[in-house]
Amino acid sequence: MPRNEEKKAFMGIGRLCVVLVIALLLAWFLLPVFRGIVNIGNAAGILLCSFALWLAGYPGAAGCLSSLWGHPGGKVLLSAASLALGAFLVFGAVMSCLMAAAIHRPPKENGTVVILGCQVKGTQPSLMLTKRLEAAKEYLDRNPEAMCIPSGGKGNGELVSEAQAMKAWLVEHGIDENRIYPEAQSRDTVENIRNSKEIMDSKGLPKDMILVSDGFHQYRAGLIAQKQGIEAGAVSAQTPWYTLATYWMREIFALAQEILFH
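No gaps in the numbering here: position 23 of the sequence shown is 23 in UniProt numbering, and each next residue is one more.
Next comes the structure, spelled out in structure tokens:
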């Protein structure tokens with residue numbers, strides 16, 4: 001085979017591999033939609049993957065961009081979009097490294113476990129919340145002197161507060177009720193941590209706070225705790241695989257908001 005043809009074949013295979021990887025990423029962001037999970041995470045992921053798929057898979061993509069670049073307005077638009085995309089990718093990469101490191105932030109023994117609440121379906125914990133409860137139970141079983149604060153108020157469509165649903169689950173799964181101090185007023189992570197710290201102080205609970213949440217959430221939760229003067233350990237729950245990309249992407253946007261506006 002002539003050298004040029006070999007090069008073309010190699011490039012064709014490389015392009016096909018890139019297209020397949022992007023298509024798989026796109027499918028990963030689409031999967032939660034079929035479970036009723038739609039947020040800025042999968043919306044942004046679907047948009048970025050669709051653009052990347054068009055760029056890598058459509059032979060005329062370069063020509064379209066070149067044509068747009070030839071117009072003064074198009075040049076400004078493409079320059080601005082390129083800068084914004086580049087900044088987002090760099091920020092996302094840095095945040096992803098910090099998020100990954102925070103997943104394994106070591107917890108101290110026999111501390112006060114603060115379970116950060118999320119959706120309750122009726123009176124029952126959602127799958128994500130159940131995973132957090134399982135992680136908390138594992139820590140509590142290993143540390144018999146540890147106490148627990150399930151933290152979360154009552155959201156739209158929830159028949160009970162997240163704290164109440166979590167307490168019921170923990171008691172049902174063998175955790176002594178006397179070790180549990182529900183916090184049912186908070187509406188977000190800032191209030192979760194602040195209100196839980198107040199309970200720790202007023203009840204004389206162990207001073208070491210252990211945050212139980214999904215791994216993707218641990219860096220931002222730790223950042224919020226630091227702003228309140230708390231150095232917290234982490235116990236990370238296992239996020240269902242089909243939602244991980246969506247929630248990871250959403251967390252990057254949440255971190256941008258936390259850093260810029262809080």
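Glycine included, C-beta positions come from ideal geometry on N, C-alpha and C.
Exercise. Does DSSP put lysine 121 in a helix, a strand or coil?
Worked result: Numbered from its first residue, the sequence shown carries residue 121 at position 121. Lysine 121: strand per DSSP, three-state reduction.
For this session: Counting only the same chain and skipping the five closest in sequence on each side, list residues whose C-beta sits under 7 Å from that of leucine 53.
Result: Along the sequence shown, one-based indexing puts residue 53 at 53. Excluding the 5 residues flanking it on each side, leucine 53 has same chain C-beta neighbours closer than 7 Å at Val19, Ile22, Ala23, Leu26, in chain order.
Problem set entry | Own chain partners of tyrosine 242 with C-beta closer than 8 Å, once the 5 adjacent residues on each side are dropped | By 1-based counting over the sequence shown, the position of residue 242 is 242. Hits under 8 Å: Trp28, Leu31, Pro32, Arg35.
Exercise. If we count the other Cβ atoms within 10 Å of its Cβ and call it buried at 16 or more, is tryptophan 69 buried or exposed?
Worked result: For the purposes of this step, residue 69 is taken as residue 69 along the sequence shown, with counting starting at 1. It counts as exposed.
Problem set entry | Unbroken stretches of the alpha helix (DSSP H), 4 residues or longer, contained in the stretch 65-145 | 72-102, 127-142
For this session: To the nearest angstrom, report how far apart residue 308 and histidine 217 are at their CA atoms.
Result: With the chain covering only 1 through 262, there is no way to say anything about residue 308.
Exercise. Exposed or buried, what is tyrosine 58 when buried is set at 16 or more other beta-carbons lying within 10 Å of its beta-carbon?
Worked result: Here residue 58 refers to the residue found at position 58 of the sequence shown. Within a 10 Å sphere around the beta-carbon of tyrosine 58 sit fewer than 16 other beta-carbons, which makes this residue exposed.
Exercise. For isoleucine 199, which residues of its own chain have a beta-carbon under 8 Å away from its beta-carbon, when the five flanking residues on both sides are left out?
Worked result: In the sequence shown, the residue the question calls residue 199 occupies position 199. Closer than 8 Å at the Cβ level, and outside the excluded window around isoleucine 199, lie Ile149, Tyr181, Glu183, Leu205.
For this session: Please report how far the alpha carbon of leucine 255 lies from the alpha carbon of leucine 129, in whole angstroms.
Result: Against the sequence shown, residue 255 aligns to sequence position 255. Against the sequence shown, residue 129 aligns to sequence position 129. Taking the straight line from one Cα to the other gives about 21 Å.
Exercise. Looking at C-beta atoms only, is the number of pairs between the stretch 90-98 and the stretch 173-180 that lie closer than 8 Å three or more?
Worked result: Verdict: no, contact absent.
For this session: Would you be able to state if there are at least three C-beta pairs under 8 Å between the stretch 228-244 and the stretch 135-155?
Result: yes
For this session: On a CA-only basis, which of Met99, Ala87, Ala146 is nearest leucine 223? Give me that one, please.
Result: Counting from one through the sequence shown, the residue named residue 223 turns up at place 223. The residue with the shortest Cα to Cα distance from leucine 223 is Met99.
Problem set entry | In DSSP terms, what valine 190 is bridged to | To locate residue 190, count along the sequence shown from 1; it is residue 190. Valine 190 is not bridged to any residue.
Exercise. Who are the Cβ neighbours of proline 240 in its own chain at under 8 Å, not counting the five residues just before and after it?
Worked result: Position 240 of the sequence shown, counted from the start, is the residue given in the question as residue 240. Excluding residues within five positions, the ones whose Cβ falls inside 8 Å are Leu127, Met128, Lys131.
Exercise. Which one of Phe253, His262, Glu231 has the shortest CA to CA distance from glycine 111?
Worked result: What you label residue 111 is simply residue 111 of the sequence shown in a count that begins at 1. For glycine 111, the closest of Phe253, His262, Glu231 by C-alpha to C-alpha distance is Glu231.
Exercise. What is the rounded straight-line gap between the Cα of residue 274 and the Cα of alanine 61?
Worked result: Absent from the model: residue 274. The displayed extent of the chain is 1 to 262, so no value can be given.
For this session: Please list, in chain order, all residues of the same chain as isoleucine 103 whose beta carbon is under 6 Å from its beta carbon, the five residues on each side excluded.
Result: As a working mapping, residue 103 is identified with position 103 in the sequence shown. So the list reads Gly215, Gln218, Ser236, once near-sequence residues are dropped.
For this session: Please list, in chain order, all residues of the same chain as glutamate 177 whose beta carbon is under 6 Å from its beta carbon, the five residues on each side excluded.
Result: Counting from one through the sequence shown, the residue named residue 177 turns up at place 177. Answer for glutamate 177: Val171, listed in chain order.
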